[in-house]
Amino acid sequence: MSGRNSVDRRRGDRIAGVLRSRFLRVLLLAAASLAVLTVVLVILPGLLVEHDLAGARVEAKERLTAVNNVRTTLLQALAGLVVLFGAYSTWRQIQVGRDGLAATREGQVTDRFSRAVDQLGSDNLDVRIGGLHALSRVAGHSPHDVEAIISITTAFVRTHLPWPPPDGEASDASMPINSVRPLETRCPDAQVALTALGVLNQHGHRPDWLNLSLTDLRRADCDGLWLHEINFDHACLEAASFYEANLSGASLVSVNLRHAELTRSMLRRFRCVASDLRGALLVEAALTDADLVGSDLREANLRKARARGAVLNRADLRLADLRGTDLSAAHLDGAKLEGALVSDQTRWPHGFEPTNVVTTEDPGPESEPLAHPSALLRVVPSLQSLP
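Its first residue numbered 569, the sequence shown is counted upward by one per residue in the numbering used here.
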């Protein structure tokens with residue numbers, strides 16, 4: 569008990585010492601301020617008047633008036649300094665408050681970011697989806713975190729949808745595509761991540777190159793998404809929907825794109841070498857300068873596609889629909905065109921004479937779809953082409 573009393577006494581002594589020290593500092597500051605005011609308002613005005621008179625004799629009343637005028641001027645100067653000091657102090661307090669608020673907000677964003685990443689590792693599907701949405705919200709409030717969030721989202725898709733699927737998966741690689749459930753019901757969290765990736769890619773802060781190679785994106789819904797400059801090499805995108813999506817500059821080497829919906833998509837400068845695009849829909853797609861060397865485009869629909877400057881060397885275009893397709897300046901060395909549908913609106917490279925094609929009437933302008941069919945409901949037709 570005596571020990572506790574001793575500690576309390578020492579603590580009380582320290583507190584009393586601190587209070588005395590503060591009181592002394594305040595007292596010294598007040599004394600110094602009073603001394604400065606005395607000098608400025610009592611002594612200095614008289615000295616200034618005497619200096620200006622330079623020994624000249626004036627009446628006491630005039631001298632007092634001059635001293636009072638100087639005193640008034642000094643008081644106004646002091647008031648101005650006080651106002652300036654108050655304004656500076658207020659500005660500094662605002663700056664400190666802003667810095668504190670920014671630090672608090674940064675801490676909150678970091679906490680939200682960490683919790684969202686932790687949620688991605690949950691065994692609960694709903695928690696993972698919540699974590700993905702939380703990351704998207706963080707990206708909206710913290711632009712400098714967008715690049716990291718895009719990389720994390722890309723890794724999530726890549727690790728949750730490997731191609732080929734692991735043994736024992738309900739949706740194995742040999743299943744007919746119409747028996748494979750759409751991605752948004754087969755793996756909802758991966759579909760959410762893919763959608764978030766396609767939205768976040770529109771931001772300026774993004775990695776130069778994203779890797780989604782060897783992924784299982786069969787019947788994925790990518791309508792309207794920005795998936796430009798992404799590596800999809802050796803992935804499976806069979807019956808995936810990329811309606812009006814942006815795949816410019818993407819790499820799709822040895823990719824399964826059978827029955828893929830690419831109508832009105834942006835495919836400029838995309839590299840789709842040695843890929844399977846049988847039955848793919850590329851109506852009005854922008855294929856300017858695309859690289860399709862050695863790709864299989866049998867039964868593909870390229871009606872009204874803009875393929876100016878596209879490289880189609882050794883591509884298989886048999887039974888493809890090329891009515892109204894712009895192939896001017898395209899490279900068609902070794903391309904197979906037997907049975908391809910063409911019209912008088914089809915544009916060929918200068919001096920190129922197609923052989924064994926079927927010339928038919930041009931269908932005219934494409935009609936505007938009232939509602940694009942959902943990937944959930946899409947059933948793909950059987951292919952006539954042999955494997």
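Cβ atoms here follow ideal geometry from the backbone N, Cα and C, with glycine treated the same way.
Anticipated Cβ contact below 8 Å, residue i with residue j, distance rounded
i       : j       : result
Thr-914 : Thr-893 : 5 Å
Leu-805 : Leu-785 : 5 Å
Ser-710 : Ala-764 : Their Cβ separation, rounded to whole angstroms, is 15 Å, which puts Ser-710 and Ala-764 out of contact at 8 Å.
Tyr-811 : Ser-833 : 7 Å
Ser-953 : Arg-846 : 6 Å
Asn-869 : Leu-895 : Asn-869 to Leu-895, Cβ: 15 Å. No contact.
Glu-829 : Lys-872 : That belief does not hold up - the Cβ atoms of Glu-829 and Lys-872 are roughly 15 Å apart, past 8 Å.
Arg-696 : Asp-757 : 4 Å
Ile-720 : Val-685 : 7 Å
Spatial neighbours of residue i in its chain, beta-carbon cut-off 6 Å, leaving aside the 5 residues before and after
i       : result
Val-879 : Asp-859, Val-861 and His-899
Pro-922 : Leu-905
Cys-840 : Leu-820, Leu-860 and Ser-863
Gly-585 : none
Given residue i as reference, the closest of the options once Cα atoms are compared
i       : options                               : result
Ala-716 : Ser-682, Asp-789 and Ala-818          : Ser-682
Asp-691 : Ala-598, His-728, Arg-582 and Leu-642 : His-728
Leu-612 : Ala-634, Gly-654 and Ala-598          : Ala-634
Ile-798 : Ser-809, Asp-789 and Ser-781          : Ser-781
Leu-693 : Thr-753, Leu-642, Leu-649 and Arg-582 : Thr-753
Asn-824 : Phe-838, Gly-919, Phe-800 and Arg-837 : Phe-800
Pro-730 : Ile-720, Gly-689 and His-802          : His-802
Arg-891 : Gly-932, Gly-919 and Leu-587          : Gly-932
According to DSSP, residues forming a beta bridge with residue i
i       : result
Cys-804 : Asp-784 and Asn-824
Ile-973 : Because residue 973 is not part of the residues shown, which for the chain are 569 to 955, the question remains open.
Lys-904 : Asp-884
Thr-927 : Val-910
Asn-542 : Nothing can be reported for residue 542, as the shown portion of the chain is limited to 569 through 955.
Glu-829 : Ser-809 and Leu-849
Ala-634 : According to DSSP, Ala-634 bridges with nothing at all.
Asp-581 : Asp-581 pairs with nothing; no bridge assigned.
Ala-655 : Per DSSP, none; premise fails for Ala-655.
Ala-854 : Met-834 and Arg-874
His-899 : Val-879
Arg-588 : The partner list for Arg-588 (beta bridge, DSSP) is empty, contrary to what the question assumes.
Asp-894 : Arg-874 and Arg-915
7 Å Cβ shell around residue i - same chain, five flanking residues per side excluded
i       : result
Ser-877 : Looking at the sequence itself, residue 877 is Gly, so the reference to Ser does not match. The answer, listed in chain order, is Thr-856, Asp-857, Ala-897 and Ala-898.
Val-651 : none
Glu-929 : Ser-911
Asp-884 : Asp-864, Leu-865, Arg-866 and Lys-904
Leu-835 : Leu-815, Ser-816, Ala-853, Ala-854, Leu-855 and Ala-858
Val-714 : Ala-707, Leu-768, His-771, His-773 and Arg-774
Neighbourhood of residue i by C-beta distance below 8 Å, restricted to the same chain and skipping five residues each side
i       : result
Ile-745 : Arg-786, Arg-787, Glu-806, Ala-807, Arg-826, His-827 and Val-948
Pro-733 : Ser-739, Asp-740, Ala-741 and Asp-784
Gly-907 : Arg-886, Leu-887, Asn-924, Val-925 and Val-926
His-796 : Asn-769, Asn-814, Leu-815, Ser-816, Gly-817, Ala-818 and Met-834
Cys-755 : His-728 and Leu-729
Margin query: So, does the region 718-730 touch the region 687-701, judging by three or more C-beta pairs under 8 Å?
Written below: yes
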